[in-house]
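Numbering (the working numbering), first residue to last: 163 to 1067.
Ideal Cβ placement from N, Cα and C applies to all residues, glycine included.
Since the structure comes first, as structure tokens, the remarks are kept for the end.
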Amino acid sequence: MPLLPDFSGAQAAPNAIRREDYAPPAFWIDTVDLTFDLDPAKTRVLNRMRLRRNPDVPAQPLRLDGDELNLARVLVNGQGASFRMEGDQLVLDGLPAAEEGSFELELFTTCCPIKNTKLMGLFVSEDTFFTQCEAEGFRRITYFLDRPDVMAMYTVTLRAAKAAYPVLLSNGNLVEHGDLPEGRHFAKWVDPFKKPSYLFALVAGKLVAREQRIKARSGKEHLLQVYVRAGDLDKTEHAMNSQINSVLWDEARFGLPLDLDRFMIVATSDFNMGAMENKGLNIFNTKYVLANQATATDADYSNIESVVGHEYFHNWSGDRVTCRDWFQLSLKEGLTVFRDQEFSQDLCADASARAVKRIEDVRVLRTAQFPEDAGPMAHPVRPDSYIEISNFYTVTIYEKGAEVVRMMQTLVGRKGFEKGITLYFERHDGQAVTCDDFAQAIADANPDSELARLLPQFKRWYSQAGTPRLKASGVYDSANRSYTLSVLQSCPPTPGQPSKDPFVIPLNLGLLDASGRELPVQLEGEAEGSAGTRTLVLSRAGEQFTFTNLDAEPVPSILRGFSAPVILDFEYSDAQLLTLLANDPDPFNRWEAGQRLGLRAALQGIAALATDTTPVLGEAYLEAMRSVLRHPQLDPAFKELVLTLPSETYIAEQLDVVDPQRVHLVREAMRAQLATALFSDWQQAYEAHHDTGAYSPDPLSSGRRALAGMALNFLCLAARSSGDTVWPGKTLQRFKDAGNMTDRFNALNALVSSGHTLAAQALARFHALFKNEALVIDKWFSLQAGASDRGGDILPLVKQLMKHPDFSLKNPNRARSVIFSYCSANPGAFHRPDAAGYVFWSERVIELDALNPQVAARLARALDRWSKLAEPYRSAAREAIARVAAKPDLSKDTHEVVTRALAGS
């Protein structure tokens, strides 16, 4: 192993926190009464708490967490008390014994929100106060037992200058408000439910609200509010409609009603995350609230619906029942991602739209989570240790966690899962619990299910990292008219877990004949077969399933609906994949067949050292894609998914050693070939789908726009090689005339991604049109930083974009739009032979770490998979990581990421 760099100038390695070391708190906090005198430079916080000792824990001092606070007063039961500081902790000895009952602790502290660039705790964004307390931000507001298993009742009084901060919001219900002397005013909020400190929130500023009153099934009326800046009110209708749909859906699907008099959403442009589910006062990144047809794309509308749903569903799965410790993060996040996925699918009008949503979700999992499972940051859905919990808000916790919940539903059925959810909330309402508690409730509600039978083994999904791999093969026995499917499961080693035990894997399967007709599925020993999808349950390292009454060898459709988060290895012939692509009634496997064919062509092209002029795609593949484009019954959105080639990231994950430039070259050659070979079909597709009438973000209209946008993209790409000026000209006109952002941005993207000379004119016009719309300018930046690299032109452009007057490193959305779009989402441009991309990355990580460690640590993940790179990329990437790791005073967030990356060498 190469020598690691000298870390003598760096800080000592931070201590890891381990799940096995969990201990209940020594004290409980019953009530919290907070009074804020809000001032950007010096906010005063009076914290009165009623505490009592935990009788189940040996007597010990009270240790309260704090971070960057100025402590002015400590009183116990109204009297001065001695205390000491140990690091960032406030320690109090000699507190009343358990038998003396509860006592009051009063703390007075100050903090400086205007200088809080970390955007954790209390901070100021555009003259408005906001908070972000998950996971450990509350300790930046006041000293506290800042852990999720300490749940208390909160009363909050906010005081501020009325002219500057006319709106004062916090959790729960507004019980009192009024004026104070000297132009100040106050608002008092009471949350009727116990909550952990990470769910605390306040907002204060000049805001306006869209309001809607709705009536629950019980007949109770609730007030819904979406707060934004005055100029953004016209962009809140979709968020409000999504909020209404979320409330109605959760009560209809799971019997979970809204439990507060009012429910508020507030949007801010400075936010590390997408949104935060603070009880009754959700704080959102503007990206997931603001939309109208002029400024937001169909994808934006879809994301807003999903994220609004996600945060609302946390009202039960996260707020009413929370996690005992941060190792159980997926208890709330995996379950709630599953719930928001189900919500979005249930809102779809037809099966095709549901299938498109499922495919989109799986594509995220396979392009982001599978690489994480194979890299240095691999961790189980329930991690065993961490240094900085913020680093574990990951696709493993969220998306893979959702797949674990989905497998539970598959094993107990939809109705059985709803019964399990009901039991879970009946048992644990108002508690902080574990992933084991959730799984037990689902199993106990379905005692005759496969989940209940195999529960201890099923829970390996929580404890074992890595993506299981299924090696399947089939043998047809013509004499016995039977087909035997053999399946071997394995899981590669991951950091700290060299060997894995078998998982419980629900495997959805169907059988087709050579012409594509679905066959009855009849297992050996069964009296008769049944048509459609069958769920097989794998639980051993190797298993066999024999299907009978088959007159010829079937084409197996395995892993329908992506029934488990696994990698399937099955040696399909091209003919079998073409049969599935043309005929499989399961939309996921139909799409997957096309992906496998495209991936196979890409890997062959990479192995053959293809050039940008070498044909990579065979005629059979091209004809299959032509058939998809022309198919009269297929949904346009589904066509667009099938015709989208596997990404460079996904292709790279299939290789043992990755030359990023070769991957980029081959995929670009595939795009160019699709563009020219299907030119007339792209023309027809555009003409048939470009007019969608009055704008609506519904799935059918969105699908038509997506396919028309794809067609424009390929037509401009074809024009690049042919010299044609007609379609680029039409595209520019489409850009100018578009009546909605989706069509406008699709046209702009077609010009930029094809590298056409008209792109510069369109980009300038786009900026001029939308220079006052921050979210739209984010798109403008991102499109350029993520454009296809031609001759190393993107990195100089990115450096130029960072000098643009609209760029700010302190705004996470803007930083992501340029730096992340280049480093994390544009591998062909980032992985340069001269290593300049890696040098740029290291400089930006260090620069961001001083401002906002959470954002820096996310950027640091861009080189997670460096050890797979071919030379010279591998050595250069490692050198860049080591340069960051050797930086003195590196944050815990970034330190954990880069040191784990180096340990993976």
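Beta bridge counterpart(s) of residue i as assigned by DSSP
i: Ala-1111; result: Past the boundaries of the shown model lies residue 1111; the chain is included only from 163 to 1067, so the question cannot be answered.
i: Ala-1071; result: A query on residue 1071 cannot be resolved here, the shown segment of the chain reaching from 163 to 1067 and no further.
i: Cys-273; result: Thr-205
i: Phe-348; result: Arg-321, Gly-340
i: Ile-521; result: Answer is none; Ile-521 lacks a bridge partner.
i: Ala-703; result: BP columns for Ala-703 are empty, so no partner.
i: Ser-692; result: Val-683
i: Lys-357; result: Ala-314
i: Thr-484; result: Ala-594
i: Ile-720; result: Leu-671
i: Asn-335; result: Val-352
i: Ser-644; result: Asp-639
Helix, strand or coil at residue i according to DSSP, with G and I counted as helix
i: Met-438; result: strand
i: Gly-171; result: At Gly-171, the pLDDT of 40 sits below 50, so the modelled position is not reliable; the number obtained from the coordinates is stated separately. Of the three classes helix, strand and coil, the one that applies to Gly-171 here is coil, per DSSP.
i: Gly-636; result: strand
i: Ala-594; result: strand
i: Pro-861; result: helix
i: Pro-164; result: Confidence at Pro-164 is low in this model, with a pLDDT of 31, below 50, so its placement is unreliable and the value that follows should be read with caution. The answer is coil: DSSP assigns Pro-164 none of H, G, I, E or B.
i: Lys-397; result: helix
i: Tyr-389; result: strand
i: Val-649; result: strand
i: Met-903; result: helix
i: Trp-478; result: coil
i: Met-315; result: strand
i: Phe-285; result: strand
i: Tyr-1000; result: helix
i: Thr-193; result: strand
i: Asp-797; result: coil
i: Phe-600; result: helix
i: Phe-306; result: strand
i: Tyr-548; result: strand
i: Glu-298; result: coil
i: Thr-498; result: helix
i: Val-820; result: strand
i: Arg-180; result: strand
i: Ala-188; result: coil
i: Val-1059; result: helix
i: Ala-930; result: helix
i: His-851; result: helix
Beta-carbon separation (whole angstroms), residue i vs residue j, contact threshold 8 Å
i: Asn-608; j: Gly-578; result: 4 Å
i: Thr-430; j: Ala-536; result: Their Cβ separation, rounded to whole angstroms, is 35 Å, which puts Thr-430 and Ala-536 out of contact at 8 Å.
i: Ser-458; j: Asn-447; result: The amino acid at residue 458 is misidentified as Ser; the sequence shows Ala. Contact flag wrong, Cβ pair sits at about 14 Å.
i: Phe-907; j: Lys-933; result: Going by Cβ atoms, the distance from Phe-907 to Lys-933 rounds to 16 Å, so no, they are not a contact pair.
i: Leu-491; j: Ile-559; result: 5 Å
i: Val-370; j: Phe-292; result: About 16 Å; that fails the 8 Å criterion.
i: Gln-667; j: Ala-726; result: Checking the sequence shown, residue 667 turns out to be Ile, not Gln. Right, their Cβ atoms sit about 5 Å apart.
i: Arg-544; j: Tyr-645; result: That belief does not hold up - the Cβ atoms of Arg-544 and Tyr-645 are roughly 38 Å apart, past 8 Å.
CB contact flag (residue i, residue j, <8 Å)
i: Leu-307; j: Phe-189; result: yes
i: Ala-1042; j: Leu-1025; result: yes
i: Arg-722; j: Gly-760; result: no
i: Val-960; j: Val-980; result: yes
i: Gly-990; j: Pro-777; result: no
i: Arg-833; j: Leu-807; result: yes
i: Pro-660; j: Ala-540; result: no
i: Asn-147; j: Gly-954; result: The displayed coordinates of the chain run from 163 to 1067. Any statement about residue 147 would go beyond what the structure contains.
Min CB distance residue i to chain C below 8 Å
i: Asn-216; result: Considering every chain present, this structure includes no chain C. It has just one protein chain.
For the stretch 411 to 426 against the stretch 462 to 475, are there 3 or more C-beta pairs whose distance is under 8 Å? Yes, they touch.
Is the stretch 558 to 567 touching the stretch 520 to 527 in the sense that three or more CB pairs, one from each, lie closer than 8 Å? Enough Cβ pairs lie closer than 8 Å, so yes.
Sufficient close CB pairs (3 or more, under 8 Å) joining the stretch 500 to 513 to the stretch 450 to 469: The stretch 450 to 469 and the stretch 500 to 513 touch, with three or more beta-carbon pairs separated by less than 8 Å.
Under 8 Å: do the stretch 878 to 895 and the stretch 907 to 926 share three or more Cβ pairs, one atom per stretch? Cβ pair count under 8 Å is three or more, so yes.
Segment contact, 8 Å Cβ cut-off, at least three pairs: the stretch 304 to 319 with the stretch 348 to 361: Touching, per the Cβ criterion.
Determine, using beta-carbon pairs with one atom in the stretch 387 to 403 and one in the stretch 440 to 456, whether at least three such pairs fall under 8 Å. At 8 Å Cβ cutoff, the stretches touch.
Any 3 or more C-beta pairs closer than 8 Å across the stretch 202 to 209 and the stretch 370 to 389: Taking 8 Å as the limit for Cβ pairs, the verdict is that the stretch 370 to 389 does not touch the stretch 202 to 209.
Cβ contact check for the stretch 479 to 496 and the stretch 592 to 602: 3 or more pairs under 8 Å: When Cβ pairs closer than 8 Å are counted between the two stretches, the stretch 479 to 496 is seen to touch the stretch 592 to 602, the count reaching three or more.
The stretch 748 to 766 contacting the stretch 704 to 712, beta-carbon criterion three pairs below 8 Å: Of all C-beta pairs linking the stretch 748 to 766 to the stretch 704 to 712, fewer than three are shorter than 8 Å, placing the two stretches out of contact.
Give a yes or no on contact between the stretch 244 to 263 and the stretch 222 to 232, applying the rule of three or more CB pairs nearer than 8 Å. Flag = yes, the stretch 244 to 263 and the stretch 222 to 232 touch.
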